[in-house]
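Asker: Chains as they are written, first to last, in the working numbering: chain A, 1 to 191; chain B, 1 to 191; chain C, 1 to 191; chain D, 1 to 191.
Once you've had a glance at the structure underneath, I'll fire off some questions.
Number of protein chains: 4
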Amino acid sequence: MSSARLPDPRIEHSRRAICRAALDEFAETGYAGFRIESVAARAGVGRSTVYRHWPEKSALIADALRTLHRQPDPGVDVASGSARQHVELLLSHLARALTDSPVSACIPALIHAAGNDASFRDELHRFSAQRRRRLTDVITAGVGAGEFPPTVDPETASVALSGAVFYRSLMTADPADSGFLTDVVDEVLGR
Amino acid sequence: MSSARLPDPRIEHSRRAICRAALDEFAETGYAGFRIESVAARAGVGRSTVYRHWPEKSALIADALRTLHRQPDPGVDVASGSARQHVELLLSHLARALTDSPVSACIPALIHAAGNDASFRDELHRFSAQRRRRLTDVITAGVGAGEFPPTVDPETASVALSGAVFYRSLMTADPADSGFLTDVVDEVLGR
Amino acid sequence: MSSARLPDPRIEHSRRAICRAALDEFAETGYAGFRIESVAARAGVGRSTVYRHWPEKSALIADALRTLHRQPDPGVDVASGSARQHVELLLSHLARALTDSPVSACIPALIHAAGNDASFRDELHRFSAQRRRRLTDVITAGVGAGEFPPTVDPETASVALSGAVFYRSLMTADPADSGFLTDVVDEVLGR
Amino acid sequence: MSSARLPDPRIEHSRRAICRAALDEFAETGYAGFRIESVAARAGVGRSTVYRHWPEKSALIADALRTLHRQPDPGVDVASGSARQHVELLLSHLARALTDSPVSACIPALIHAAGNDASFRDELHRFSAQRRRRLTDVITAGVGAGEFPPTVDPETASVALSGAVFYRSLMTADPADSGFLTDVVDEVLGR
DNA sequence: CGCTAACCGAGACGGTACGTCCCGTCTTTAC
DNA sequence: GTAAAGACGGGACGTACCGTCTCGGTTAGCG
């Protein structure tokens, strides 16, 4: 019958350990400065084991970053609370993701990598689209419920809101704290 | 009078050529992949001349990027036209800067570098603050003239607008074209 | 049994090839002008392989020169012939060693290096002591057999004879040919 | 008449200082490790001044070493004392020259350099011939005076004696002290 | 004296070799 | 058959000198 060979549990174990180590390394040292040797050492693994599973450095980095996307969604309970509360919750999740390790250090690196590599760019776009879809949905619901003005375009609004958080976190010295979030939601979705 | 001694004309000549070459290299290959050897070759200069002026790769990159900031402001003529037109003009300049070489490739790299180096971070913050100030001023003027609703907070609005352009350019597959700009200005500054 | 682990056959192969190449390089260009890059090229080996086995240029040179000392002794058959013939044979071996490559170019370099480095000095002293011992022994035997005057001090005589060959080969324009050897043996060991 | 311009005293002053510094440098660091920069610094002179007078490193070294030969002969008073005393005196001068700075470090370096450069070789041969001639003359006189056996060939004997001192000083761990000199003179010139 | 030509120091320049670090490939042995 | 260990060829790094060059400032010796 199905002789699907179980592919040796050690393999999967190694892959996991290496990916985790790669994320740590990436968060600490960024794209440049990322050393295969350090990753192997972190993972308690021989250098050749890394090369057995990924053909080269960039492939490992890409793969490791991809695992970020599969991390569990914070899960906002849309059933209870107002649309505005949901929006602020999603934005504060985003703000925290941009501030805390390890994602905080990976997003900028991803943005940079995206500039020079089409596959990274696609990955980044897919990732952010997925994150932003929740936000767009919530805004759409808010408009439908009459909580936000009918003139609001959910797509544009979610870009403005996400962009505001990004910009505030990455390009200014001030944090995207709850006061800022309140202000920017007022500004974009009306008061 | 001021007998300011010109130290050696060759020095300034070399520095300029190297900085220009470094920006090109940076735009093409990013932070990783940046090779001093290529820069020297581009600049038509010996490798040692580069090291004579900058102690190491990162210092050269930092210095070269800094020259970006000193590039002349596009200069929007605020005297004529409506505040809304000014806002859209500034945003389209930003969008173009994020799309065209060489700045397009440098900003993402700067964002990345900022994640791992405080001095780069300060540089980036200073740079974006300077750019955004023009936008904030124009919005303030528009509010004063009654062109934008009095509820608009210029500071928050300029972050939302800049962030929207950034996000659209860097994190999505769609360009920050004039249609998008119109929409997002509608959204943030009212219609 | 002895499960003495052979570490890796490639290592010994590389070491041999590099040492041989280093001796050639040394003989051709001397201490100054000795370039690791040339040695690696001669040996058909990557530059880093050289540094993997020797920490720096001087260590490689020292090691390569040491292999000279392990080269097989010419092996003079003491059983047949007179003591005088043995003496002349040993001296002509020495003279030839000082004239022919590769040793010819290494001894002067060793003498020079010995002036600036104690370990080279010890090496040189050990090397020459070993070579000279055969000569001293043969002279001692010749004195015992009554072939040389009893007033001859074998130690002093062997220094005078070896020194004469060295001096003639290195410090004068004339070669230490067989005529010279005959004369100097006459002079030192009597006629 | 001849308006032979005095060639600017600064030039001669610089040359002297540089030559002296070059000898010191040579004695300290040998042929390899000889740095033009160090010489200039020792001489309190700009690096370019060195290059103004000597086209390259090796020319400076050669020139500096040549000044050694012009150093005043110790001057043995042949009028008084026996031939044997004169011989021992000359040999002890040679032994001291091979032991004390700066010559001690230059001779080995010269021997080495002679191996790779014909002009150095000629220089060395000329130098040693000049030194040895005094010795040969004294031996000849001693033979003529009946102080040494008529069988002594002055040329061969002076090579054996000089060679013995060289060998003892450079190739063994023992010094060419007065005891050794006595022994070797006994051995070569009879007792 | 004051001029002028030379010599000078300082140091930028294009090169080249160094010794270090890491890459991605490979070979060997242990489990 | 997979893993750890690590040798291998390769190539960029940042350092140290090389020998060449350009630059003003000083200085010797003539007018």
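Every residue gets a Cβ at the ideal spot worked out from N, C-alpha and C, and that includes glycine.
On a predicted model such as this, the values are computed, not experimentally measured, just so you know.
For E56(D), which residues in the same chain have their Cβ closer than 8 Å to its Cβ, ignoring the five residues on either side in sequence?
Answerer: Walking along the fourth sequence from the start, residue 56(D) turns up at place 56. So no residue of the chain qualifies.
Asker: Does V184(D) have its Cβ less than 9 Å from a Cβ in chain C?
Answerer: By one-based count along the fourth sequence, residue 184(D) stands at place 184. Judged by the 9 Å Cβ criterion, V184(D) is in contact with chain C.
Asker: Establish whether the CB of D137(C) and some CB of chain D are separated by less than 9 Å.
Answerer: Counted from its first residue, the third sequence places residue 137(C) at position 137. No, no contact with chain D.
Asker: Is Y167(D) helix, strand or coil when you go by DSSP?
Answerer: By 1-based counting over the fourth sequence, the position of residue 167(D) is 167. Helix at Y167(D).
Asker: Name the residues in the region 9-23 of chain D whose C-beta lies less than 8 Å from a C-beta of chain C; which are they?
Answerer: Taking 8 Å as the Cβ-Cβ cut-off against chain C, none of the residues of the region 9-23 of chain D qualify.
Asker: In this structure, does DSSP put S3(D) in helix, strand or coil?
Answerer: As a first step, residue 3(D) must be located in the fourth sequence, where it is residue number 3. Residue placement at S3(D) is flagged as unreliable, the pLDDT there being 43, under the threshold of 50; the coordinate-derived value follows with that caveat. S3(D) falls in the coil class under three-state DSSP.
Asker: Output needed in chain order: residues of the region 150-176 of chain A with a Cβ under 8 Å from some Cβ in chain B.
Answerer: So the close ones are T151, V152, D153, T156, A157, V159, A160, L161, S162, G163, A164, V165, F166, Y167, R168, L170, M171, T172, A173.
Asker: Taking 7 Å as the limit between beta carbons, can you name the residues of its chain near V50(C), skipping five residues before and five after?
Answerer: Taking the first residue of the third sequence as position 1, residue 50(C) is located at position 50. Cβ neighbours of V50(C) beyond the five flanking positions: I18, I36, V39, A40, L60.
Asker: Check whether the region 79-91 of chain B and the region 91-109 of chain A are in contact - that is, three or more C-beta pairs closer than 8 Å.
Answerer: As far as the Cβ criterion goes, the region 79-91 of chain B does not touch the region 91-109 of chain A, which means the pair count is below three.
Asker: Return the residues of the region 83-112 of chain C that lie within a Cβ-Cβ distance of less than 8 Å from chain D, sorted by chain order.
Answerer: S104, A105, P108, A109, I111, H112
Asker: Report yes or no: is there a C-beta of chain C within less than 9 Å of the C-beta of H125(D)?
Answerer: Within the fourth sequence, residue 125(D) is the residue found at index 125, counting from 1. Yes, contact with chain C.
Asker: Cα separation between D186(D) and A145(C)?
Answerer: Within the fourth sequence, the letter at position 186 stands for residue 186(D). Within the third sequence, the letter at position 145 stands for residue 145(C). Cα to Cα, the separation comes out at about 21 Å.
Asker: My guess is that Y31(A) and G163(B) are in contact by the Cβ rule of under 8 Å, so how many angstroms apart are they, rounded?
Answerer: Translated into positions along the first sequence, residue 31(A) becomes position 31. Translated into positions along the second sequence, residue 163(B) becomes position 163. Contact flag wrong, Cβ pair sits at about 23 Å.
Asker: Please go through the same chain and pick out, in chain order, the residues whose beta-carbon is closer than 7 Å to the beta-carbon of S2(B), but skip the five residues on each side of it.
Answerer: Translated into positions along the second sequence, residue 2(B) becomes position 2. In this predicted model, S2(B) has a pLDDT of only 40, less than 50, meaning its place in the structure is not dependable; the value taken from the coordinates is given anyway. Result list for S2(B): empty, nothing under 7 Å.
Asker: Counting only Cβ pairs nearer than 7 Å, list the residues of chain A close to S128(B).
Answerer: One-based indexing of the second sequence puts residue 128(B) at position 128. M171, T172, listed in chain order.
Asker: On the premise that D24(B) lies in contact with R42(B), defined as a C-beta separation below 8 Å, what is that separation, rounded to the nearest angstrom?
Answerer: Here residue 42(B) is taken as the residue at index 42 of the second sequence, counted from 1. Here residue 24(B) is taken as the residue at index 24 of the second sequence, counted from 1. Confirmed, about 6 Å.
Asker: Leaving out five residues before and five after T140(A) in sequence, what residues of the same chain have Cβ atoms less than 6 Å from its Cβ?
Answerer: Against the first sequence, residue 140(A) aligns to sequence position 140. Cβ neighbours of T140(A) beyond the five flanking positions: P154.
Asker: Listing by chain order, which chain A residues have their CB less than 9 Å from the CB of G194(B)?
Answerer: The question about residue 194(B) has no answer here: the residues shown for chain B are numbered 1 through 191.
Asker: Within 10 angstroms of the Cβ of I11(D), are there 16 or more other Cβ atoms? Answer buried if so, exposed if not.
Answerer: Along the fourth sequence, one-based indexing puts residue 11(D) at 11. With fewer than 16 Cβ atoms within 10 Å of its Cβ, I11(D) is classed as exposed.
Asker: In or out: G44(A) buried (at least 16 other Cβ within 10 Å) or exposed?
Answerer: Locating residue 44(A) in the first sequence gives position 44, counting from the first residue. Result: exposed.
Asker: Just mark G179(C) as buried or exposed, buried being the case when its beta carbon has 16 or more other beta carbons within 10 Å.
Answerer: Residue numbering aside, residue 179(C) sits at position 179 when the third sequence is read from its first letter. Label assigned to G179(C): exposed.
Asker: If we define contact as Cβ-Cβ less than 9 Å, is E187(B) a contact residue for chain A?
Answerer: Here residue 187(B) refers to the residue found at position 187 of the second sequence. It does; some Cβ of chain A falls within 9 Å.
Asker: When you compare only the Cα positions, how much space is there between T152(A) and G81(A)?
Answerer: The count along the first sequence starts at 1 and reaches residue 152(A) at position 152. The count along the first sequence starts at 1 and reaches residue 81(A) at position 81. The amino acid occupying residue 152(A) in the given sequence is Val; Thr does not appear at that position. The C-alpha of G81(A) is placed about 20 Å away from the C-alpha of V152(A).
Asker: Round the Cβ separation of H192(D) and S104(D) to the nearest angstrom and send it over; I've been treating them as touching at under 8 Å.
Answerer: Since the first residue shown for chain D is 1 and the last is 191, residue 192(D) is missing from the structure and cannot be characterised.
Asker: By how many angstroms is the C-alpha of T67(C) removed from the C-alpha of L189(C)?
Answerer: Numbered from its first residue, the third sequence carries residue 189(C) at position 189. Numbered from its first residue, the third sequence carries residue 67(C) at position 67. Distance between the alpha carbons of L189(C) and T67(C): 33 Å.
Asker: Between G142(D) and R191(D), which are expected to be in contact by the criterion C-beta below 8 Å, what is the C-beta distance as a whole number of angstroms?
Answerer: Stepping through the fourth sequence from its first residue, residue 142(D) is reached at position 142. Stepping through the fourth sequence from its first residue, residue 191(D) is reached at position 191. That belief does not hold up - the Cβ atoms of G142(D) and R191(D) are roughly 14 Å apart, past 8 Å.
Asker: Examine chain C for any beta-carbon lying closer than 9 Å to the beta-carbon of R191(D), and answer yes or no.
Answerer: Residue numbering aside, residue 191(D) sits at position 191 when the fourth sequence is read from its first letter. It does: the Cβ of R191(D) has a partner Cβ on chain C nearer than 9 Å.
Asker: Please go through the same chain and pick out, in chain order, the residues whose beta-carbon is closer than 6 Å to the beta-carbon of L124(A), but skip the five residues on each side of it.
Answerer: As a working mapping, residue 124(A) is identified with position 124 in the first sequence. L110, A114, listed in sequence order.
Asker: Of all the residues that make up the region 29-41 of chain B, which are near chain A by a beta-carbon distance shorter than 9 Å?
Answerer: T29, G30, Y31, A32, G33, F34
Asker: So is R132(D) buried or exposed if we call it buried at 16+ other beta carbons inside 10 Å?
Answerer: Locating residue 132(D) in the fourth sequence gives position 132, where the first residue counts as 1. Result: buried.
Asker: Just by C-beta distance, which residues in the region 47-70 of chain B are closer than 8 Å to chain A?
Answerer: When C-beta distances to chain A are compared with 8 Å, every residue of the region 47-70 of chain B stays at or above that value.
Asker: Just the chain C side, please: which residues come within less than 8 Å of G115(D) by C-beta, in chain order?
Answerer: Working through the fourth sequence from its first residue, we reach residue 115(D) at position 115. Per Cβ cutoff of 8 Å: G30, S104, A105, P108, A109.
Asker: Tell me whether V175(A) sits in a helix, a strand or coil according to DSSP, three-state version.
Answerer: Along the first sequence, read from residue 1 onward, the residue named residue 175(A) stands at position 175. In the sequence as presented, Val is not what sits at residue 175(A); that position holds Pro. The answer is coil: DSSP assigns P175(A) none of H, G, I, E or B.
Asker: Indicate the three-state DSSP secondary structure (helix, strand or coil) for A27(C) in the structure shown.
Answerer: Position 27 of the third sequence, counted from the first residue, corresponds to residue 27(C). Of the three classes helix, strand and coil, the one that applies to A27(C) here is helix, per DSSP.
Asker: Assuming A64(D) and F26(D) make a contact with CB atoms under 8 Å, what is their CB distance in whole Å?
Answerer: Here residue 64(D) refers to the residue found at position 64 when the fourth sequence is read from its first residue. Here residue 26(D) refers to the residue found at position 26 when the fourth sequence is read from its first residue. About 7 Å; that satisfies the 8 Å criterion.
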